[in-house]
Amino acid sequence: MNRDHLVKESKKWVEEAIISEDQREQLMERYPKKQNKPMLLTFAALFIGLGFLTFVASNWSYLTDFGRMAILIFSMTAFYLAGDWVYRRKSNRVGISLILVAFVIFGSSIFLVGQMYHYTSFSAFPFFLWSLVGLGLLFLFKDASFFYATLIVVTIGQFYSGIVYQHFHIWLGLLFFIGLGWVVVKSRHIPQLSAFAISYVVHAIILVFSEGMPYYWLIVLFLLLYVVEDFFIKSGSLRVFKTLSMLSVFLMLIFQVFFLGNEYVGELTESSLYFFLAWAVLFVFSVVRLAMSSTNYYWIDLLLFVPVFRFEFGDGLSLLILFLYALFWLISGYHQEVSRWVNKGTIAFLLTTFIAYFQLAWDFMDRSLFFFIGGVLLFALSYFLEKKRRTMQRGGGEK
Amino acid sequence: MKQRRWFFYALVFLQLLFLILMSVSYYAMDLWGKTITLKTAPVDPRDPFYGDYVRLNYDIEQIPEEKWKGEETVDRGEKVFLLLEENEEGIYELVEASTIWPEKSDGQVVLSSKYQTSASALDQYQVDIGLGKYYIEENTGAIWEQREERTVEVVLAPWKQKKIVSLK
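Chains A and B are the protein sequences, given in the same order.
Per the working numbering, residue 1 is the first one in the first sequence, and the count goes up by one each step.
Per the working numbering, residue 1001 is the first one in the second sequence, and the count goes up by one each step.
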């Protein structure tokens, strides 16, 4: 019920002696005032900040170095102090947005001042400093916007480090894992967990490729993401890390289907002893955990983490694993009548079929025929799967 | 709550301090730094201008094998110290390059750089002294473009910072 409506109505109820004043107050407590989030004000603050920044940017070359410094320092301080004042006196939301603008000004100032004074950086250190400030603001204000802001700075910084310097910035990495990781484990807020997991996947990919590690280390890193969730998520809650880990490893297997057949992979697969050690520890651990838990169906997930790159026909084996994964989920979905599993199996099955078809038929089939037959195949497949799924859902509904 | 506010002010102050130090140390170099002149090789003729900066390619960044005193294999990005000495024309030239801080005698300076690659065919090691870009005012690139070789005046600060003073 709408609170405003209740305020009016309950007054009448008291007047008509239906309820007492005490009861009215009790009722009102059940409908607390919703925290009114002034979205418009947030945008107003952001727009003023952006307008100011674009004004400065367009007149940048007419300014002396001293003038530039003065503008950057003044605007940053002004936004910080104004933000703090508004946060304490008026509105948390608007205060946070003003501080966010100041945070962005600080980050851009590092780069602008660096350009003014011909600084050259050999690493993503400016990003590290920037995200350190972001983490500081996050601890001071405990507001999710600073979590996302810091996460974005860290991820972009790490990406930049990987692309420009072919180097995984270890401090940014530590700040991400320890700082943001700690925040995310404490809050267990699902959007934050998902954002963290996505950034983790980006970090893992940058780590493996910029440091020249063989690509199969990704299996270990994704498996780690899968395993680590057991330590802080109560059973029965959403499996955020696991879902993203599965998505990543599924995509990686698709790449394996296409690339493991090539010869150059041979040199990639040398010296994989440490990989197998790390992999075995994590894999055995997750098998043991599964054996102890009550739902035994998630062993299907672990299928995707089986490394097959050592075999000559690794591409075929990858495909086989994908098929088994899809089929097992379909079967257990029907068996246990869990439509979520059936949906997962269906999508995985369709994708795998398409990939298998692509891999097998692309080389020796006429292109138009290839797509035509492929389309018909998928149509037929999805028709049968959908029909089966519907009958199951209907059956489940009757129960 | 009071404590949180002071932490906040401290955090803002540190950011200000960092930006101001970036600026001040640049000017302080003129006071306490040592000016040396370096020669640059012709820049990449295809595209010397990347937006509004000039690409500079210093002679001392190409290290011939006989002047290399460091380890045989060096990782990309590792520190390499260049020992420089002034020649008769007043230009500083490379004496030796090493992965450990070299002993310097009078008139010599040490410049730190990052290792890039080795061109084994040329018996050369390539390093980057971090002054490869010089920002110029927009649309003045054409003036610089016509000149292939130039000398660059660089200031070295005692706190290991360096900057370009001018291009000649």
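We put the CB at the ideal spot given by N, CA and C, even for glycine.
Since this is a predicted model, take the numbers as computed values, not measurements.
Could you compute how far the alpha carbon of residue i sits from the alpha carbon of residue j?
{"i": "F275 of chain A", "j": "G314 of chain A", "result": "17 angstroms"}
{"i": "Y87 of chain A", "j": "I19 of chain A", "result": "39 angstroms"}
{"i": "V202 of chain A", "j": "F177 of chain A", "result": "13 angstroms"}
{"i": "L304 of chain A", "j": "V220 of chain A", "result": "11 angstroms"}
{"i": "S10 of chain A", "j": "R24 of chain A", "result": "6 angstroms"}
{"i": "L1170 of chain B", "j": "G345 of chain A", "result": "Outside the displayed range of chain B (1001 to 1168) lies residue 1170 of chain B, so it cannot be described from this structure."}
{"i": "F384 of chain A", "j": "Y148 of chain A", "result": "43 angstroms"}
{"i": "R93 of chain A", "j": "L63 of chain A", "result": "34 angstroms"}
{"i": "A197 of chain A", "j": "S248 of chain A", "result": "10 angstroms"}
{"i": "M1029 of chain B", "j": "L137 of chain A", "result": "33 angstroms"}
{"i": "Y31 of chain A", "j": "V14 of chain A", "result": "17 angstroms"}
{"i": "L95 of chain A", "j": "A70 of chain A", "result": "For the record, residue 95 of chain A in the displayed sequence is Gly; it is not Leu. Taking the straight line from one Cα to the other gives about 23 angstroms."}
{"i": "M116 of chain A", "j": "M365 of chain A", "result": "59 angstroms"}
{"i": "T155 of chain A", "j": "T353 of chain A", "result": "34 angstroms"}
{"i": "K388 of chain A", "j": "H335 of chain A", "result": "12 angstroms"}
{"i": "S1118 of chain B", "j": "V1074 of chain B", "result": "9 angstroms"}
Looking at residue j and residue i, is the spacing between their C-beta atoms short of 8 angstroms?
{"i": "Q1124 of chain B", "j": "E1065 of chain B", "result": "yes"}
{"i": "A124 of chain A", "j": "G157 of chain A", "result": "yes"}
{"i": "V1012 of chain B", "j": "E1061 of chain B", "result": "no"}
{"i": "E211 of chain A", "j": "F168 of chain A", "result": "yes"}
{"i": "W130 of chain A", "j": "V153 of chain A", "result": "yes"}
{"i": "A195 of chain A", "j": "L218 of chain A", "result": "no"}
{"i": "L350 of chain A", "j": "L381 of chain A", "result": "yes"}
{"i": "L1094 of chain B", "j": "I1063 of chain B", "result": "yes"}
{"i": "A356 of chain A", "j": "L319 of chain A", "result": "yes"}
{"i": "T120 of chain A", "j": "L1131 of chain B", "result": "yes"}
{"i": "S199 of chain A", "j": "L238 of chain A", "result": "no"}
{"i": "F328 of chain A", "j": "I300 of chain A", "result": "yes"}
{"i": "E1072 of chain B", "j": "T1099 of chain B", "result": "no"}
{"i": "W362 of chain A", "j": "F370 of chain A", "result": "yes"}
{"i": "L251 of chain A", "j": "L225 of chain A", "result": "no"}
Kindly indicate which residue of the options has the alpha-carbon position closest to the one of residue i.
{"i": "V227 of chain A", "options": "A:T391, A:M213 and A:K242", "result": "A:K242"}
{"i": "Y1134 of chain B", "options": "B:M1029, B:L1038 and B:R1055", "result": "B:R1055"}
{"i": "L1082 of chain B", "options": "B:G1090, B:W1068, B:A1097 and B:V1074", "result": "B:A1097"}
{"i": "V133 of chain A", "options": "A:L100, A:M365 and A:I190", "result": "A:L100"}
{"i": "R1076 of chain B", "options": "B:E1103, B:K1114 and B:E1089", "result": "B:K1114"}
{"i": "T54 of chain A", "options": "A:E29, A:T64 and A:I105", "result": "A:I105"}
{"i": "L72 of chain A", "options": "A:F43, A:W329 and A:W60", "result": "A:W60"}
{"i": "V287 of chain A", "options": "A:D22, A:L223, A:G162 and A:A102", "result": "A:L223"}
{"i": "L50 of chain A", "options": "A:F103, A:W85, A:I373 and A:E29", "result": "A:F103"}
{"i": "Y1009 of chain B", "options": "A:A144, A:L140, A:V342 and A:I321", "result": "A:L140"}
{"i": "L1169 of chain B", "options": "B:I1129, B:E1072 and B:E1071", "result": "There is no way to answer for residue 1169 of chain B, as the model of chain B reaches only from 1001 to 1168."}
{"i": "V240 of chain A", "options": "A:L251, A:S293, A:V185 and A:L207", "result": "A:V185"}
{"i": "G179 of chain A", "options": "A:D4, A:L135, A:S294 and A:R89", "result": "A:L135"}
{"i": "V164 of chain A", "options": "A:V376, A:Y325 and A:F209", "result": "A:F209"}
{"i": "G162 of chain A", "options": "A:G181, A:R389 and A:I206", "result": "A:I206"}
{"i": "V1109 of chain B", "options": "B:L1017, B:S1023 and B:V1154", "result": "B:V1154"}
{"i": "P1006 of chain B", "options": "A:D84, A:F250, A:P307 and A:S187", "result": "Residue identity differs from the one stated: residue 1006 of chain B is Trp in this sequence, not Pro. Minimum Cα distance to W1006 of chain B is reached at A:D84."}
Does DSSP put residue i in a helix, in a strand, or in coil?
{"i": "S97 of chain A", "result": "helix"}
{"i": "E1086 of chain B", "result": "strand"}
{"i": "S20 of chain A", "result": "coil"}
{"i": "P126 of chain A", "result": "helix"}
{"i": "S210 of chain A", "result": "helix"}
{"i": "K1168 of chain B", "result": "coil"}
{"i": "I190 of chain A", "result": "helix"}
{"i": "W13 of chain A", "result": "helix"}
{"i": "A1157 of chain B", "result": "coil"}
{"i": "L63 of chain A", "result": "coil"}
{"i": "T1151 of chain B", "result": "strand"}
{"i": "L381 of chain A", "result": "helix"}
{"i": "Y216 of chain A", "result": "coil"}
{"i": "F1081 of chain B", "result": "strand"}
{"i": "K1034 of chain B", "result": "strand"}
{"i": "L260 of chain A", "result": "coil"}
{"i": "V154 of chain A", "result": "helix"}
Whose C-beta lies closer than 7 angstroms to the C-beta of residue i among residues of the same chain, with five residues either side of it excluded?
{"i": "W1068 of chain B", "result": "A1097 and Y1125"}
{"i": "L46 of chain A", "result": "S97 and V101"}
{"i": "S1112 of chain B", "result": "K1079, F1081 and K1160"}
{"i": "R289 of chain A", "result": "D230"}
{"i": "P1102 of chain B", "result": "F1081, L1083, E1096 and V1110"}
Quick one: residues in its chain with C-beta nearer than 6 angstroms to the C-beta of residue i, no 5 flanking neighbours on either side, listed in chain order?
{"i": "I1167 of chain B", "result": "Note on identity: in this sequence residue 1167 of chain B is Leu, with Ile being the wrong assignment. Closer than 6 angstroms at the Cβ level, and outside the excluded window around L1167 of chain B, lie R1150 and V1152."}
{"i": "P126 of chain A", "result": "I110"}
{"i": "D1047 of chain B", "result": "Reliability fails at D1047 of chain B, whose pLDDT of 45 lies under 50, so the model's placement of it is uncertain and the value that follows must be treated cautiously. Same-chain partners within the cutoff: there are none."}
Can you list, in chain order, the residues of its chain with a C-beta nearer than 8 angstroms to that of residue i? Leave out the 5 residues immediately preceding and following it.
{"i": "D1044 of chain B", "result": "In this predicted model, D1044 of chain B has a pLDDT of only 49, less than 50, meaning its place in the structure is not dependable enough to derive any value."}
{"i": "I1091 of chain B", "result": "T1037, L1038, K1039 and T1151"}
{"i": "F79 of chain A", "result": "G49, L98, I99, V101, A102 and I105"}
{"i": "L6 of chain A", "result": "L27, M28 and Y31"}
{"i": "A57 of chain A", "result": "none"}
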